[in-house]
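Shown next, in structure tokens, is the structure this report addresses.
2 protein chains.
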Amino acid sequence: MAEESADMSVKRAKQDEEDNGVSESAVDMDKEGNPDYISSLIPGWFSEISPMWPGEAHSLKVEKILFQGKSDYQNIMVFQSSTYGKVLVLDGVIQITERDECAYQEMITHLPLCSIPNPKKVLVIGGGDGGVLREVARHSSVEHIDICEIDKMVVDVSKQFFPDVAVGYEDPRVTLHVGDGVAFLKAVPEGTYDAVIVDSSDPIGPAQELFKKPFFESVAKALRPGGVVCTQAESIWLHMHIIEDIVANCRQIFKGSVNYAWTTVPTYPSGVIGFMLCSTEGPPVDFKHPVNPIDAEESQIKSKRPLKFYNSEIHSAAFCLPSFAKKVIESK
Amino acid sequence: MAEESADMSVKRAKQDEEDNGVSESAVDMDKEGNPDYISSLIPGWFSEISPMWPGEAHSLKVEKILFQGKSDYQNIMVFQSSTYGKVLVLDGVIQITERDECAYQEMITHLPLCSIPNPKKVLVIGGGDGGVLREVARHSSVEHIDICEIDKMVVDVSKQFFPDVAVGYEDPRVTLHVGDGVAFLKAVPEGTYDAVIVDSSDPIGPAQELFKKPFFESVAKALRPGGVVCTQAESIWLHMHIIEDIVANCRQIFKGSVNYAWTTVPTYPSGVIGFMLCSTEGPPVDFKHPVNPIDAEESQIKSKRPLKFYNSEIHSAAFCLPSFAKKVIESK
Numbered sequence: 001m002a003e004e005s006a007d008m009s010v011k012r013a014k015q016d017e018e019d020n021g022v023s024e025s026a027v028d029m030d031k032e033g034n035p036d037y038i039s040s041l042i043p044g045w046f047s048e049i050s051p052m053w054p055g056e057a058h059s060l061k062v063e064k065i066l067f068q069g070k071s072d073y074q075n076i077m078v079f080q081s082s083t084y085g086k087v088l089v090l091d092g093v094i095q096i097t098e099r100d101e102c103a104y105q106e107m108i109t110h111l112p113l114c115s116i117p118n119p120k121k122v123l124v125i126g127g128g129d130g131g132v133l134r135e136v137a138r139h140s141s142v143e144h145i146d147i148c149e150i151d152k153m154v155v156d157v158s159k160q161f162f163p164d165v166a167v168g169y170e171d172p173r174v175t176l177h178v179g180d181g182v183a184f185l186k187a188v189p190e191g192t193y194d195a196v197i198v199d200s201s202d203p204i205g206p207a208q209e210l211f212k213k214p215f216f217e218s219v220a221k222a223l224r225p226g227g228v229v230c231t232q233a234e235s236i237w238l239h240m241h242i243i244e245d246i247v248a249n250c251r252q253i254f255k256g257s258v259n260y261a262w263t264t265v266p267t268y269p270s271g272v273i274g275f276m277l278c279s280t281e282g283p284p285v286d287f288k289h290p291v292n293p294i295d296a297e298e299s300q301i302k303s304k305r306p307l308k309f310y311n312s313e314i315h316s317a318a319f320c321l322p323s324f325a326k327k328v329i330e331s332k
Numbered sequence: 001m002a003e004e005s006a007d008m009s010v011k012r013a014k015q016d017e018e019d020n021g022v023s024e025s026a027v028d029m030d031k032e033g034n035p036d037y038i039s040s041l042i043p044g045w046f047s048e049i050s051p052m053w054p055g056e057a058h059s060l061k062v063e064k065i066l067f068q069g070k071s072d073y074q075n076i077m078v079f080q081s082s083t084y085g086k087v088l089v090l091d092g093v094i095q096i097t098e099r100d101e102c103a104y105q106e107m108i109t110h111l112p113l114c115s116i117p118n119p120k121k122v123l124v125i126g127g128g129d130g131g132v133l134r135e136v137a138r139h140s141s142v143e144h145i146d147i148c149e150i151d152k153m154v155v156d157v158s159k160q161f162f163p164d165v166a167v168g169y170e171d172p173r174v175t176l177h178v179g180d181g182v183a184f185l186k187a188v189p190e191g192t193y194d195a196v197i198v199d200s201s202d203p204i205g206p207a208q209e210l211f212k213k214p215f216f217e218s219v220a221k222a223l224r225p226g227g228v229v230c231t232q233a234e235s236i237w238l239h240m241h242i243i244e245d246i247v248a249n250c251r252q253i254f255k256g257s258v259n260y261a262w263t264t265v266p267t268y269p270s271g272v273i274g275f276m277l278c279s280t281e282g283p284p285v286d287f288k289h290p291v292n293p294i295d296a297e298e299s300q301i302k303s304k305r306p307l308k309f310y311n312s313e314i315h316s317a318a319f320c321l322p323s324f325a326k327k328v329i330e331s332k
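In order, the protein sequences belong to chains W and U.
For the first sequence, the positions run 1 to 332 when the UniProt record's numbering is used.
For the second sequence, the positions run 1 to 332 when the UniProt record's numbering is used.
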């Protein structure tokens, strides 16, 4: 079944992990039986070890741990790194660092919003740190921004430790809904949004439903004709099997255009992250040629923060894929 | 002085290293006082720690160490990793892994060679592993390929452990010169080559001269009018100060076009690597629009190995830069 495939991928990755003995050898457990990521490699460094990328780990030197907590959904940690600024970690996986968060937040937001004229109603699923909100707020055509984040602690932690990211919540157009994104979408009247942005973590843990077919069906229903969705869609270097499944699902569900784009984020595994960009049946959307370029100066005045990463050239370039990925994605 | 600036950058990085205490705390020394990279983190993992990227390290799980040696120029190691195939390490820094070497080798070669019509004489400086030769050999217009590598042990180790990379040496058009690239270039008659590819390691160790102004002057002299050079040019995320210096030097020396391009390579620090692409005065070269597209089928027949990464779309996309990098590079 298509909706089980993402799970299957994770199972495959878990099998790899067992084969490689990653979890046994590399992650210590603390007194409560939780993985103790801080002390697992060099003392004083944080290492990102996961069955999603077996056999490799990126480490950052820790200056100070600023927060460690356990919400109803996940382990949350914030630390001051020596060269990447403050770092937000969920269940042992880096979500944002102050040094490179611009690449992810700007691309996941402006790739969809610059591809349609005058977006007015936008929904963000996940994205509790507020960074996507900050970027959506640059678009003066936008009248209303809903965000549905499952984990209130992520929102609170971001407001406390990442004010330049959580600044997105200060925009008066934003309404925060704390709850399950899947349930929220089911209750949305048909054709409500111009754009939906799914800023999820990996398909292990609370985000796993966001990679399955029923979720994409709800997204399509919630969009107006010719509306667009952009979802976090993993790495072409590490997760082609997950990407294959997502692309196959999206081609069945979204009757407009279906595209894969990607960008560089140094602190994400393999250094890249991808996005699925799809549109519903209706006015055609050509994602590769943005019709709604964001005016750097206007956006700067509005948000008091210049774009660091996104521009119209890099928008189009993001859809150009290496041959090995192009072959797989275009065959779906 | 401009030619000292790359050195200055390294000094700055070294200062950062001392401030962060990376070398003291994280790299053990073996009995002979050499850094012991294998045992520096978790036993059984290789970790890449360097003053060039302070405060972070990428680690690969080691299945087996296949070779460790010390040449006249550097420490050389080959290991079998658990998920990236065989890995070549020089002075503790990953040069190639079997899993992602395609991205680097194909881009550093085809970006210059697809940008000019009918390249005939090509010089490779560095690139002792042979991967660039393999890619140059795909171009049927090429009649002669010189390679000047300083370290014979790199050539021998590659031939022994990386046959799919060192296969480049089997092409009858190749002549290997073991020696110093700087001296080799000085002896080259003016206007000899259509293209020069500088496949160097970082500007610490044997490759440091390859980042300085006198070297670029020799390259310009060795090229025909409208000839092209492509040099390894570090990461926009980590080394903007080095890149600034290289760009400033190149704008003074190359009177044709001067461009910066980049690509993803997961096992390089920050996950990306860049290239300086310049042309000498003469027939104009528009690097962003390749005039000599490589025919996938023809190249496949000739080399018996399909292109995995490069295509004409990704060629043009490689010149699109994030705003933060574009601003600095275009201001030089």
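Where a beta carbon is used, it is the ideal one built from N, C-alpha and C, also for glycine.
Quick caveat, the model's predicted, so the values are computed rather than measured.
The criterion of a C-beta distance shorter than 8 Å is not satisfied by L66(W) and F162(W). The C-beta of N311(U) comes closer than 8 Å to at least one C-beta of chain W.
Rounded to the nearest angstrom, the gap between the Cα atoms of R173(U) and R305(U) is 18 Å.
In chain order, A222 place their CB closer than 6 Å to the CB of V188(U), counting only its own chain and leaving out the 5 sequence neighbours on each side. The beta carbon of T83(U) sits closer than 8 Å to some beta carbon of chain W. In the three-state reduction of the DSSP assignment, G55(U) falls in the coil class.
Around the beta carbon of H315(W), 16 or more other beta carbons lie within 10 angstroms, which makes this residue buried. With respect to chain U, the C-beta atom of I116(W) has no partner C-beta closer than 8 Å.
Within 9 Å of the CB of I314(U), the CB atoms of chain W belong to A317, C320, L321, P322, S323 and K326, in sequence order along the chain. Taking 8 Å as the cut-off, the beta carbon of G131(U) is found closer than this to the beta carbon of I96(U). Interface residue (Cβ-Cβ distance to chain W less than 8 Å): D202(U) is not classified as such. With a cutoff of 8 Å on beta-carbon distance, P203(U) and Y73(U) are scored as not near each other. Residue pairing of T231(U) in beta bridges, as defined by DSSP: V198(U) and M276(U). In this structure, the CA atom of D151(W) is about 27 Å from the CA atom of S270(W). Taken atom to atom, the span from the alpha-carbon of E313(U) to that of P43(W) is near 44 Å. Comparing alpha carbon positions, the residue from G126(U), G282(U) and Y260(U) closest to I329(U) is Y260(U).
Taking 8 Å as the CB threshold, L210(U) stays off the interface with chain W.
The residues V258 and K332, in chain order, have a CB closer than 8 Å to that of R251(U) in the same chain once the five nearest residues on each side in sequence are set aside.
Using a CB distance below 7 Å, the part of the segment 50 to 66 of chain U facing chain W consists of P54, G55, E56, A57, H58, S59, L60 and K61, ordered along the chain. Taking the Cα positions, H110(W) is about 13 Å away from W262(W).
Legend: CB atoms of the segment 250 to 278 of chain W lying less than 7 Å from CB atoms of chain U belong to residues T264, P266, S270, G271 and V272. Beta-bridge partners assigned by DSSP to H144(U): K121(U). For Q105(U), the three-state secondary structure derived from DSSP is helix.
Residue environment: S140(U) is assigned as exposed (fewer than 16 neighbouring CB atoms within 10 Å of its CB, all protein chains considered). In this structure, the alpha-carbon of E56(U) lies about 23 Å from that of G274(W).
When 9 Å is used as the limit between beta carbons, K308(W) is near these residues of chain U: P322, S323 and F324, in chain order.
A direct Cα-to-Cα measurement between I294(W) and A195(W) gives close to 16 Å. For A233(W), none of the residues of chain U pass the 8 Å Cβ criterion, the least Cβ distance being about 15 Å. Counting every other CB atom within 10 Å of its CB across the protein chains shown gives Q68(U) a total below 16, marking it as exposed. With its beta carbon less than 8 Å from one in chain W, A103(U) belongs to the interface. For S50(W), there is no enclosing alpha helix (DSSP H), as DSSP marks it with neither H nor E. Here the C-alpha atom of K186(U) lies approximately 6 Å from the C-alpha atom of S218(U). When DSSP states are grouped into helix, strand and coil, H110(W) belongs to the helix group. The C-alpha of F254(U) lies about 37 Å from the C-alpha of F287(W).
Considered as a whole, the segment 233 to 292 of chain W harbours 240 to 253 as its complete alpha helix (DSSP H) runs of no fewer than 4 residues, in chain order.
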